[in-house]
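Below you'll find the structure, written out as structure tokens, and then a few comments.
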Amino acid sequence: MASYNIRKAVGLDWKRKPERILAVLDEIAPDVAVLQEADKRLGPRPAAIPLGLIATHGIFEHLDPGPGPSLGWHGNAVLLKKGLKGEVLDLIDLPGLEPRGAILARIHREDGKGTFALVAAHLGLNRGSRHRQIAAIIEATRNLGMPVVMAGDLNERAPDRLLAPFHRDMKLVTPGPSFHASHPFVALDHIILSGKVQVARAKVHATPLAHVASDHLPIWADMTVAP
């Protein structure tokens, strides 16, 4: 799976090129892609990657969060490789100083196996808000009875400190510095695991195209979910 803050598909050349974002995802070839800043900010918050472009691209299916022109919820969106299925379980309003949210979804293969809960999130800029937001996500996923994978731009340089007050069985995956894409020096993008899910390897995707497509580099991880 991959996590990618796409900055509304605006690259470092200040050109909005949604097809460039899809090209970066093609380089990674994830089964699940979690996107942040996937919608424009103004008005009805239309999708930064048009749904028609995703359809003609033909690789991913969009996990629909509900009515409206947005790709996601508070800018968080989920794309699934064809052959995977997903259902939105909840659209979480996260507490804090800024409007933030998270998508909670059930992801599984067509045969129903490999099921896990996915949380797609973009946490706030304020440290106190981030602690409250993590607490809200943990509460929302507490009794799901399946492995949980949270991925996104957590805006956190010390994620171990962010998780310290909570469950010890939560596993943190930080592939490496992902921001700023022009000269990555800080790891803001992370994956958090809970339950029977393992990561074999994880990396920052740092190709020439990724270095110009957004202000963040995408991260990815090879994961196995216990049957």
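Going by the UniProt record's numbering, the residue at position 110 of the sequence shown is 110; the numbering climbs one at a time, nothing skipped. For every residue, glycine included, the Cβ atom is placed at its ideal position computed from N, Cα and C.
Query                                                                                                  : Result
Residue ranges of each beta strand (DSSP E) within the stretch 166-195, 3 or longer                    : 171-173 and 189-194
Three-state secondary structure assigned by DSSP to E19                                                : helix
CA-to-CA distance, G195 to L162, given in whole angstroms                                              : 19 Å
Contiguous beta strand (DSSP E) assignments of at least 3 residues, all confined to the stretch 62-105 : 77-81 and 84-94
A140 (DSSP reduced to helix, strand or coil)                                                           : helix
Beta-carbon spacing of A33, D39 below 8 Å                                                              : no
Bridge-paired residues (DSSP) for S3                                                                   : V34 and I219
Cβ-based burial, L66 [other Cβ within 10 Å; buried from 16]                                            : It should be pointed out that residue 66 corresponds to Gly in this sequence rather than to Leu. Exposed: under 16 other Cβ atoms inside 10 Å.
Cβ-based neighbour list, G75, same chain, cut-off 7 Å, excluding 5 preceding and 5 following           : Q36, E37, A38, D39 and H122
Backbone CA spacing between E19 and G52 [nearest angstrom]                                             : 11 Å
Exposed unless 16 or more other CB atoms sit within 10 angstroms - verdict on W14                      : exposed
N- and C-terminal bounds of the alpha helix (DSSP H) containing A210                                   : A210 to A213
Assumed close pair L209, E27 - CB separation to whole angstroms, cut-off 8 Å                           : 7 Å
8 Å Cβ cutoff, L162 in contact with chain C                                                            : This model lacks chain C altogether; it includes just one protein chain.
G152, enclosing beta strand (DSSP E) - first and last residue                                          : V148 to D153
T56 (DSSP reduced to helix, strand or coil)                                                            : helix
Three CB pairs or more closer than 8 Å across the stretch 197-206 and the stretch 176-184              : yes
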